[in-house]
Amino acid sequence: MIKISPSILSADFSNIREDIKKVEDAGVDLLHIDVMDGAFVPNITFGQVVIKDFRKISKIPFDVHLMIEKPERFIEDFVKAGADIITVHYESTVHVHRAIQLIKSFGIKAGIALNPATPIECVKHLLNDVDMVLIMTVNPGFGGQKFIEATKDKIKQLRTLIDERDLDIDIEVDGGIKEDNIAEVFKCGANVFVAGSAVFNSKDINLTIKNFRRLTEF
Ligand code: DX5
Ligand code: ZN
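Residues in the sequence shown are numbered from 0 upward in steps of one, following numbering that gives the first Met the number 0.
Given below as structure tokens:
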């Protein structure tokens, strides 16, 4: 069974309570929260102060995607704000293993994210320490971009690696996921699907989520 994690980057922040409720009512598994610092990626969103307030209005597990430099500086803040999964980028710190250990030390789930150009080999030695690998299927920074086809190969490689070692690790994909490509990406081996524009720009969020599930039932 897949997990669906709508990215609130594409939500309407003047109406955020209603938008979060809409995806909750549609039965999504996680809420994907994109934190951007204007340095690691060419965009700025929000930080732990805002996430703390989201926590007051929702009980869905928070899937926090940190696109910030040296994320280890703020892990504790994001845990306190209510994160259930924290994902850091391989490219964002020279001490990525330490950052993962730090996340785990708070008793929550840890994920490692890879930019489109970063090879799967980079996570080989981290697989025993993480709960999730996030394969970016667009360059991080913005919602509404086109899915990069070359990332499919990486998803397949990672799926093989995880199955060979019989590990219990989620493969999350993020960027350009829509009704017309979710089945193919699922077949490559992903099981957690982030979708921002496809969900929040949809006229019928319930139907879009239902279609995601229907399209990945084989
Ligand atoms: C991009 C973010 C994504 C983004 C996805 O840097 O990590 O989570 O919101 O948006 P869509 O689904 O519109 O590509
Ligand atoms: Zn994201």
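Heads up, the beta-carbon is just placed ideally off N, CA and C, and yes, glycines get one too.
Of the listed residues the options, nearest to residue i (C-alpha basis)
i, options, result
"Ile298", "Asn190, Ala10, Phe45", "Residue 298 is absent from the model: the chain starts at 0 and stops at 217."
"Ile168", "Ile111, Ile15, Ile43", "Ile111"
"Ile102", "Asn114, Val78, Ile119", "Val78"
"Gly195", "Gln144, Leu206, Lys186, Thr150", "Gln144"
"Ile67", "Ala38, Val172, Asp76", "Ala38"
"His88", "Ile56, Lys55, Met135", "Met135"
"Asp28", "Asn14, Arg54, Lys58, Glu17", "Lys58"
"Gly46", "Asp76, Ser201, Thr207", "Asp76"
"Glu148", "Ala98, Met131, Asp173, Glu163", "Asp173"
"Thr150", "Asp130, Leu166, Gly175, Met131", "Gly175"
"Asp179", "Arg164, Ile208, Asp162", "Ile208"
Check whether residue i and residue j have beta carbons under 8 Å apart
i, j, result
"Ile85", "Val49", "no"
"Gly188", "Arg158", "yes"
"Ile181", "Leu214", "yes"
"Met35", "Gly140", "yes"
"His96", "Leu133", "no"
"Lys108", "Asp128", "no"
"Lys51", "Ala80", "yes"
"Ile7", "Ile32", "yes"
"Ile3", "Phe192", "yes"
"Lys69", "Thr92", "yes"
Contact set for residue i: own chain, Cβ-Cβ below 7 Å, skip 5 residues either direction
i, result
"Ile204", "Lys21, Val22, Ala25, Val198"
"His94", "Glu71"
"Cys121", "Tyr89, Leu113"
"Ile43", "Met35, Asp36, Gly37"
The alpha helix (DSSP H) enclosing residue i, as first and last residue numbers
i, result
"Phe185", "181 to 187"
"Leu166", "No alpha helix (DSSP H) holds Leu166; DSSP gives it neither H nor E."
"His94", "No alpha helix (DSSP H) contains His94, which DSSP labels as neither H nor E."
"Asp62", "Not the alpha helix (DSSP H): Asp62 falls in the beta strand (DSSP E), residues 61 to 66."
Span of the beta strand (DSSP E) around residue i
i, result
"His88", "84 to 88"
"Phe192", "191 to 194"
"Phe12", "Looking at the DSSP string, Phe12 is not in any beta strand (DSSP E), and its letter there is neither H nor E."
"Leu113", "108 to 113"
Other residues of its chain near residue i: CB distance less than 6 Å, five sequence neighbours each side excluded
i, result
"Gly142", "Leu8, Ser9, Gly195, Ser196"
"Asp18", "Ala10, Asp11"
Cβ-based neighbour list, residue i, same chain, cut-off 8 Å, excluding 5 preceding and 5 following
i, result
"Ile119", "Leu113, Lys153, Gln156, Leu157, Leu160"
"Arg54", "Phe61, Ala80, Gly81"
"Leu206", "none"
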